[in-house]
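Numbering (the numbering used here), first residue to last: 461 to 607.
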């Protein structure tokens, strides 16, 4: 990682806010514990998981060192879950490859509300924490690779 703290952004889906705000809080707690602060101005809202990749790509292009993406898609009775989950995953991967910046996937794809709530609680199993950790670890690895 650079000698200065990395400049990170968060993109947080506003769909399922009881879950996504828990993911956000977990990511921010992990970053704080590791000496990285994220200004509230660098936390961006996305309407839903489908819109996260475009916002994340723009943030990476704008000078952020990494982007932590947080959302929640819960399976319902239609194929909507599969389309949104796959599009978000592929979109984030493509955005990272195109920008050369870590854009981490903290979008829950669960079968039930309870599974989503369990993964967004204020504990060590919070998936927002994991997405933040992945971003910092990827930054460290990329910094270690000479161009």
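Glycine residues also receive a C-beta, built at the ideal position from the N, C-alpha and C atoms.
Note down, in chain order, each residue of its chain lying with its Cβ closer than 8 angstroms to the Cβ of residue 524, except the 5 sequence neighbours on either side. 467, 468, 469, 502, 561, listed in sequence order.
Tell me, which residues are paired with residue 529 by DSSP? Assignment of beta-bridge partners to residue 529 by DSSP yields 471, 565.
Can you check whether the CB of residue 487 is closer than 8 angstroms to the CB of residue 604? Not closer than 8 angstroms, so no.
Looking at residue 473: is its Cβ nearer than 8 angstroms to the Cβ of residue 520? No, these two residues do not count as a Cβ contact at 8 angstroms.
Ranges of the alpha helix (DSSP H) found wholly within the region 486-547, counting only runs of at least 4: Taking only runs of at least 4 residues, the alpha helix (DSSP H) segments lying wholly in the region 486-547 are 512-521.
Quick check: residue 527 and residue 516, are their CB atoms within less than 8 angstroms of each other? Yes, the pair counts as a contact, with Cβ atoms nearer than the cut-off.
In terms of residue numbering, what span does the alpha helix (DSSP H) encompassing residue 588 cover? Element bounds for residue 588: 587-604.
Mind reading off the beta-carbon distance from residue 476 to residue 532? Whole number of angstroms is fine, and I expect it under 8 angstroms. Contact holds; Cβ gap of about 4 angstroms.
Which class does residue 570 belong to by DSSP, given the choice of helix, strand or coil? Correct three-state label for residue 570: strand.
Identity of the residue in 588, 572, 508, 565 nearest residue 535 by Cα: Ranking 588, 572, 508, 565 by Cα distance to residue 535 puts 572 first.
Return helix, strand or coil for residue 477, following the three-state DSSP convention. Here residue 477 carries a helix assignment [DSSP, helix/strand/coil].
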